[in-house]
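The sequence shown begins at 1004 in my numbering and counts up one residue at a time.
Working notes, structure below.
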Amino acid sequence: MSASGIKALLLDLDDTLFDDDHATRQAFSAFIGPHAARFAESETALFARWRTCVDRHWRRFETGELTMAQQRHARLRDFLGQPDIAEDEAARLFQPYMDAYRSHRRLTPGAAAFLDATGHLIRIVVSNGGAEQQRAKLAHLGIAHHFRHVVTVDDAGAAKPDPRIFRHALALENLAPEHCLMVGDDLERDIAPARRLGMAVRHVSPGSHAAVFQQLSEQLQNA
């Protein structure tokens, strides 16, 4: 990747800067405890099934079919095989998960140093999460001050890979795509659509965060 002409970084949040996988695994362990006896599978197998439920109903949130709270409760009903659980009961059952998720929020390896090293560039978060949830993460992680803007599905009215969310982010600073680098962990949602719009892109795969962020910091030093 050539850093020539790069003026701005568009950064995904979950599993790019924020270690969502870690928080999710810890949250699931806290949630499954009271319900483990009803399942024959191991916690590892149950977590894989939980991930499938999360992905299924998260896509419904991304399309606007469900609110953030509704998709949380929908995945719980789906996982437990109890579609008739009332909203208030679903919220009660889900609370241990949310409490553990929040208490285990942390940055991915190398993210803090990367943000410190790229302060000369415009940084914009582009996330499919809800506005309140993602801004709370940034504040908790102590990195909110690094970003000019935080663009979520709530702000743009569209979710990645829809190009509208990227165009919304670019318009905030009147940026041309060729002057931007998109960094994210999701090839479908982050990398492919940004590339189609003409941005430079960098994929962060599981376990590669520290190395990728170090390399980008060096490449972007004189951008």
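Beta carbons are placed, not taken as given, at the ideal position from N, Cα and C, and that holds for glycine.
None of the values given here were measured: they were computed from a predicted structure.
Pairing M1071 with G1133 gives a Cβ-Cβ distance under 8 angstroms. Under the three-pair Cβ rule at 8 angstroms, the region 1152-1169 does not count as touching the region 1049-1060. For the options D1024, L1141, I1009, L1079, the alpha carbon positioned closest to that of H1038 is the one of L1079.
Taking the CA atoms as reference points, L1219 sits about 24 angstroms from R1138. For C1183, DSSP records a beta bridge to A1011. Rounded to whole angstroms, the separation of the alpha carbons of L1124 and L1178 is 12 angstroms. Here DSSP, grouped into helix, strand and coil, assigns H1206 to strand. Looking at the DSSP output, I1125 sits in a beta bridge with A1011. Linking L1175 to R1075 through their CA atoms gives a straight-line distance of about 31 angstroms. The beta carbon of P1196 sits closer than 8 angstroms to those of K1163, P1164, D1165, P1166, F1169, all from its chain and outside the five residues before and after it, given in chain order. Taken through DSSP and simplified to helix, strand or coil, L1020 comes out as coil. Counting along the chain, the unbroken beta strand (DSSP E) around H1152 starts and ends at 1152-1154. Bounds of any alpha helix (DSSP H) do not take in H1148, whose DSSP letter is neither H nor E. Closest option to E1046, judged by alpha-carbon separation, among A1147, G1113, R1028: R1028. For E1065, the uninterrupted alpha helix (DSSP H) run begins and ends at 1046-1065, by DSSP.
Counting along the chain, Q1218 sits inside the alpha helix (DSSP H) bounded by residues 1212-1222. Spatial neighbours of F1031 in its own chain (CB-CB distance under 6 angstroms, excluding positions within 5 residues in sequence) are listed in chain order as F1050, W1053.
DSSP places S1106 inside the alpha helix (DSSP H), whose first and last residues are 1090-1106. In this structure, V1128 and F1150 form a Cβ contact; the two beta carbons are roughly 5 angstroms apart against a cut-off of 8 angstroms. Here the alpha carbon of M1101 sits roughly 28 angstroms from the alpha carbon of H1206.
Look at L1178 here: in three-state DSSP terms it is coil, with no helix or strand label.
Under the DSSP assignment, F1117 falls in the alpha helix (DSSP H) whose first and last residues are 1114-1120.
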